[in-house]
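Undergrad: Protein chains in written order, with this note's numbering: chain A, -5 to 458; chain B, -5 to 458. Ideal Cβ positions, reconstructed from N, Cα and C, are used throughout, including at glycine.
1. Comparing C-alpha positions only, which one of A/37, A/150, A/119, A/61 sits nearest to residue 126 of chain B?
2. Is there a Cβ of chain A sitting closer than 8 Å to that of residue 372 of chain B, yes or no?
3. Between residue 238 of chain B and residue 427 of chain B, which are expected to be in contact by the criterion C-beta below 8 Å, what is the C-beta distance as a whole number of angstroms?
4. So residue 98 of chain A contacts chain B; which residues on that side make the cut at Cβ distance below 7 Å?
5. Residues of chain B with CB closer than 9 Å to the CB of residue 156 of chain A, please, in chain order.
6. Near residue 102 of chain A, which residues of its chain fall below 7 Å by C-beta distance, leaving aside the five closest residues on each side in sequence?
7. Pull up the distance between the alpha-carbon of residue 457 of chain B and that of residue 81 of chain A, whole angstroms please.
8. Could you give the first and the last residue of the continuous alpha helix (DSSP H) run that contains residue 305 of chain B?
9. Return the chain-ordered ranges of every alpha helix (DSSP H) run that is complete within the stretch 370 to 445 of chain B and spans a minimum of 4 residues.
10. When the cut-off is 8 Å and only beta carbons count, does residue 506 of chain B lie next to chain A?
11. Is the CB-CB distance between residue 176 of chain B and residue 191 of chain B below 8 Å?
12. Which residue's Cα is closest to the Cα of residue 342 of chain A: A/450, A/146, A/303?
13. Are the beta-carbon atoms of residue 222 of chain A and residue 195 of chain A separated by less than 8 Å?
14. Return the CA-CA distance between residue 99 of chain A and residue 54 of chain A, expressed in angstroms with no decimal places.
15. Which ranges would you report for the alpha helix (DSSP H) in the stretch 325 to 363 of chain A if only whole runs of at least 4 residues count?
16. So, for residue 14 of chain A: in the same chain, excluding its five sequence neighbours on each side, which residues have a beta-carbon less than 6 Å away from its beta-carbon?
17. I need the boundaries of the alpha helix (DSSP H) containing residue 8 of chain A, first residue and last residue.
18. Could you tell me the alpha carbon to alpha carbon distance between residue 231 of chain B and residue 114 of chain B, rounded to whole angstroms?
19. Can you tell me which residues form a DSSP beta bridge with residue 81 of chain A?
20. Compare the C-beta of residue 215 of chain B against all C-beta atoms of chain A and say whether one is closer than 8 Å.
21. Hey, is residue 141 of chain A close to the ligand NAP, as in C-beta under 7 Å from one of its heavy atoms?
22. Give a yes or no on whether the minimum CB-CB distance between residue 137 of chain B and chain A is below 8 Å.
23. With 7 Å as the limit, tell me which residues of the stretch 16 to 37 of chain B have their beta carbon closer than that to any beta carbon of chain A; keep them in chain order.
24. So with Cβ pairs under 8 Å, would you call residue 361 of chain B a contact of chain A?
25. Exposed or buried, what is residue 10 of chain A when buried is set at 16 or more other beta-carbons lying within 10 Å of its beta-carbon?
26. Report yes or no: do three or more beta-carbon pairs, one from the stretch 40 to 56 of chain A and one from the stretch 77 to 91 of chain A, lie closer than 8 Å?
27. Does the beta-carbon distance from residue 211 of chain B to residue 156 of chain B come in below 8 Å?
28. Which residues in chain A have a C-beta closer than 7 Å to the C-beta of residue 65 of chain B? List them in chain order.
29. Would you check if the stretch 340 to 357 of chain B and the stretch 290 to 307 of chain B touch, i.e. whether three or more CB-CB distances between them fall below 8 Å?
30. Which runs of the alpha helix (DSSP H) spanning at least 4 residues fall entirely within the stretch 95 to 129 of chain A, listed in chain order?
31. Under 8 Å by Cβ, that's how I've got residue 43 of chain B and residue 35 of chain B pegged, so tell me the actual separation to the nearest angstrom.
32. Look up residue 455 of chain B in the DSSP assignment and say whether it is helix, strand or coil.
33. Determine the burial state of residue 323 of chain A: buried for a count of at least 16 other Cβ atoms within 10 Å of its Cβ, exposed for fewer.
34. Taking only the alpha-carbon atoms, compute the straight-line gap between residue 6 of chain B and residue 76 of chain B and give it to the nearest angstrom.
35. Tell me, please, whether the CB atom of residue 7 of chain B is closer than 8 Å to any CB atom in chain A?
36. Using C-beta distances below 6 Å, list every residue in its chain close to residue 356 of chain B, excluding the 5 sequence neighbours before and after it, in chain order.
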């Protein structure tokens, strides 16, 4: 901040009566009478507002008239003890400078209690609300905690590429990236689009995962993690899907599936504890206003050892459950949210890590088990969210990996370099992916993924 | 790392003779005689190798034959004092497990001293070399230091969007993002491509800057920074340009241009000091092998107060310099690298911050000075690199900003939300952009930007 500025958070936490200081921020509300006005001032440093007390006889009517919700002001004043119950201290204004007005007829954030749907339409202004201030501070805290966690363990942050010419990961539909003219692109002799004339000399897309490149890093540097944007061009209009989202993908040489599970559990508990310890105010606000079970759920994750069991065993439990499933259960099916939540919330009453899924429903790079049917996959299942992490031990055997790739018809040109890591100094290794916005749904208790990212991209929506 | 593993860095720093431990890593070289073999083992944790001493009589010939450069092994052994000068301790092998071979006929990283050009062609393997190990560890260190710096000052990390429907920033050519069929896209009645049928219902591109969205964040949360990928579709085949690169863009409410300069100088010194304090080995390696003036240059930046002067004054100095410029100098021209480096390296012998550039050569959002000719821009100029940071105080006055936007013909549909921030609670504010790979060129001393990012994207190149 500016040298002459004190943040509202610092005033509220450490301001002492008699102190003279300067605050700057946005007016959340103004009330009062003919003698005194009370301005609730927020500068984004904390969810709480600073109460600025104004002796109206000292200021011009014109100035006071313009101090409306949304206006930006600078206040020089004295810290005084607050007679109210709401706060320890308040600021007695000595000088007020109006930095920016906000016409009450035009400013959309007048009253409290706007719907989340309405706020999505004005996503460019919603960071000025209590709810989105809290969410964005939590988003920062979780980002920082992720870097801190991995850095403290000797992992390196690896920037994997966003634009890719490979679609081998197969995790979903991709966006094409191009500079060819959209109308009449150059064509080859047989009349097809001539990608050789595109910017990169071939067809390129936005990545769906940094994992394969992450493995290259791990097989050189030991332990790495990615934390970057990822894209899916699926026409999914659900509260759980975004076309552009952020992923964390650690990859670790020498880890087997058990080391992998240990790391995932440790990380999720670290992040949950970090939020509880560093973002108490914001969590309390979200708990009180949006999800009364939020704090309870965070403690639930923190205080239980995660159950670890095989997919086959889980199917047995689900088959014996006295329950009508929307999606019927039998060995071989992919689990749905209703199954995952049943295991966590009703059967075990603990977070669950499921392992050893059928090979058929998992990706080509997962380590094949001896049974010939299952792979060393792991999914971490959470209350309310369902799957929050998906990962596996990776297939490190060249021959097995090559057979799988051939069986699936994945073109060699897309994966020769990935295969090469199994030819040159291969090692057992593992990794997983955490969708950052899924984590944010869990940490904030919000129900719609569009509300935990600043500017959501979904089918038909790319504003601001 | 695995619970039973010790990292090479830890052995070299803290291993004590008599200790039994397990290391895992890749063979950098093997030499020896009929009685004893010496394996140089690296696991990515540090640039130094651990010397593994092998009594060849204890192991099978077949095993020893397969321990070649690039192979991956696990060694259980005892730490012993090293009789050699190169290292304090070494590891006497008791058990060796071969995890992955690397056929000497096929493995491309046999001998030392490959050219950087060759290594670019095998970018998927180059993290296994000393040079790229050092660069990637430094890249991690700088990323972490950036988060640490901003977090410690109360900034929030804001994830601005990558896919955008606006091209208002105007910083460069853009990549189109689409899911329309490339061959015969749907058309409107007048025969043009019908973008309404594209994924987002309009034409979309990859962002060239997160600044405008960053300002939205700053005008709600106070101080924010972005750190994410950015794209330019320019056909620039130079050692300084990438099509995909990472940018750091802080935006701060209430900062004027002087606060902005203070922050930029403090940040660059913080990062430089962090590298010197945390990455001594890697910097020494790069200094000795690639750029003998690297360490000197880092200290140069750390130990000098940055000179601050106006563009107009700088033009005067350049005009009076007894020098033939490739690009002639007069008031109004954009400075070239030769001019920037002259000011830093020959005239002032200090880093330089130039301010108050002609409005004509700078972007629309910069604060207009009273003189009607210049804007409150700032560029930070460094030795060897030239411009490392570009920033400005932002125009916070609605009327002035609107006139400029109209004069430049920027469509209102692209910027109405940006303009709105000047209608609703505007505030003086500033920000800047730091190209992360430019920073990495400075910190590593490397000469080509393709060598400071794991997987470079340039015209015609999108591999791995």
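TA: On the basis of the supplied data:
1. Locating residue 126 of chain B in the second chain gives position 132, counting from the first residue. Nearest of A/37, A/150, A/119, A/61 to residue 126 of chain B, Cα basis: A/150.
2. In the second chain, the residue the question calls residue 372 of chain B occupies position 378. Taking Cβ atoms only, chain A never reaches closer than 8 Å to residue 372 of chain B, which makes this a no.
3. Taking the second chain and counting its residues from 1, the one referred to as residue 238 of chain B is at position 244. Taking the second chain and counting its residues from 1, the one referred to as residue 427 of chain B is at position 433. Not quite, the Cβ-Cβ distance comes to about 16 Å (not below 8 Å), so this is no contact.
4. The sequence position of residue 98 of chain A within the first chain is 104, counting from 1. Within chain B, no residue comes near residue 98 of chain A; the closest Cβ sits about 10 Å away, beyond 7 Å.
5. Position 162 of the first chain, counted from the first residue, corresponds to residue 156 of chain A. Contacts between residue 156 of chain A and chain B, judged by CB atoms closer than 9 Å, involve 156, 200, 223, 225, 238, 451 in chain order.
6. Residue mapping note: residue 102 of chain A aligns to position 108 of the first chain, counting from 1. Answer for residue 102 of chain A: 116, 119, listed in chain order.
7. Here residue 457 of chain B refers to the residue found at position 463 when the second chain is read from its first residue. Here residue 81 of chain A refers to the residue found at position 87 when the first chain is read from its first residue. Between residue 457 of chain B and residue 81 of chain A, the C-alpha separation is close to 58 Å.
8. For this step, residue 305 of chain B is matched to residue 311 along the second chain. For residue 305 of chain B, the uninterrupted alpha helix (DSSP H) segment begins and ends at 305 to 314.
9. 392 to 402, 406 to 417, 430 to 438
10. With chain B covering -5 to 458 only, the question about residue 506 of chain B has no answer from this structure.
11. Residue numbering aside, residue 176 of chain B sits at position 182 when the second chain is read from its first letter. Residue numbering aside, residue 191 of chain B sits at position 197 when the second chain is read from its first letter. It is not a contact, given that the beta carbons lie outside the stated cut-off.
12. Here residue 342 of chain A refers to the residue found at position 348 when the first chain is read from its first residue. Closest option to residue 342 of chain A, Cα to Cα, is A/303.
13. As a position in the first chain, residue 222 of chain A is number 228, starting the count at 1. As a position in the first chain, residue 195 of chain A is number 201, starting the count at 1. It is not a contact, given that the beta carbons lie outside the stated cut-off.
14. In the first chain, the residue the question calls residue 99 of chain A occupies position 105. In the first chain, the residue the question calls residue 54 of chain A occupies position 60. Approximately 22 Å, taken between the alpha carbons.
15. 331 to 335
16. Your numbering for residue 14 of chain A matches position 20 in the first chain. So the list reads 72, once near-sequence residues are dropped.
17. Position 14 of the first chain holds residue 8 of chain A. Here the alpha helix (DSSP H) through residue 8 of chain A covers 2 to 8.
18. On the second chain, position 237 is the one that residue 231 of chain B refers to. On the second chain, position 120 is the one that residue 114 of chain B refers to. Approximately 15 Å, taken between the alpha carbons.
19. In the first chain, counting from the first residue as 1, residue 81 of chain A sits at position 87. Under DSSP, residue 81 of chain A shares a beta bridge with no residue.
20. On the second chain, position 221 is the one that residue 215 of chain B refers to. Yes, contact with chain A.
21. Absence of the ligand NAP from the depicted structure is noted, as is the absence of any ligand whatsoever, leaving it without description.
22. Taking the first residue of the second chain as position 1, residue 137 of chain B is located at position 143. At least one chain A Cβ lies under 8 Å of residue 137 of chain B.
23. 18, 20, 37
24. Your numbering for residue 361 of chain B matches position 367 in the second chain. No, residue 361 of chain B does not count as interfacial toward chain A.
25. Locating residue 10 of chain A in the first chain gives position 16, counting from the first residue. With fewer than 16 other Cβ atoms within 10 Å, it is exposed.
26. yes
27. The residue you call residue 211 of chain B lines up with position 217 of the second chain. The residue you call residue 156 of chain B lines up with position 162 of the second chain. For residue 211 of chain B and residue 156 of chain B, no; Cβs fall outside 8 Å.
28. Position 71 of the second chain, counting from 1, holds the residue named residue 65 of chain B. Residues of chain A whose Cβ lies closer than 7 Å to the Cβ of residue 65 of chain B are, in chain order, 419.
29. yes
30. 110 to 115
31. Here residue 43 of chain B corresponds to residue number 49 of the second chain, with the count starting at 1. Here residue 35 of chain B corresponds to residue number 41 of the second chain, with the count starting at 1. Between residue 35 of chain B and residue 43 of chain B the Cβ distance is about 6 Å, and since that is below 8 Å, they are a contact.
32. Taking the second chain and counting its residues from 1, one reaches residue 455 of chain B at position 461. DSSP places residue 455 of chain B within a strand segment (E or B) once states are collapsed to three.
33. Start at 1 with the first residue of the first chain, and residue 323 of chain A comes out as number 329. So residue 323 of chain A counts as buried.
34. Counted from its first residue, the second chain places residue 6 of chain B at position 12. Counted from its first residue, the second chain places residue 76 of chain B at position 82. Near 11 Å, if we compare the C-alpha coordinates of residue 76 of chain B and residue 6 of chain B.
35. Within the second chain, the letter at position 13 stands for residue 7 of chain B. Closer than 8 Å to the CB of residue 7 of chain B there is not a single CB belonging to chain A.
36. One-based indexing of the second chain puts residue 356 of chain B at position 362. If we look at residue 356 of chain B and ignore the five residues flanking it on each side, its Cβ neighbours are 369, 371.
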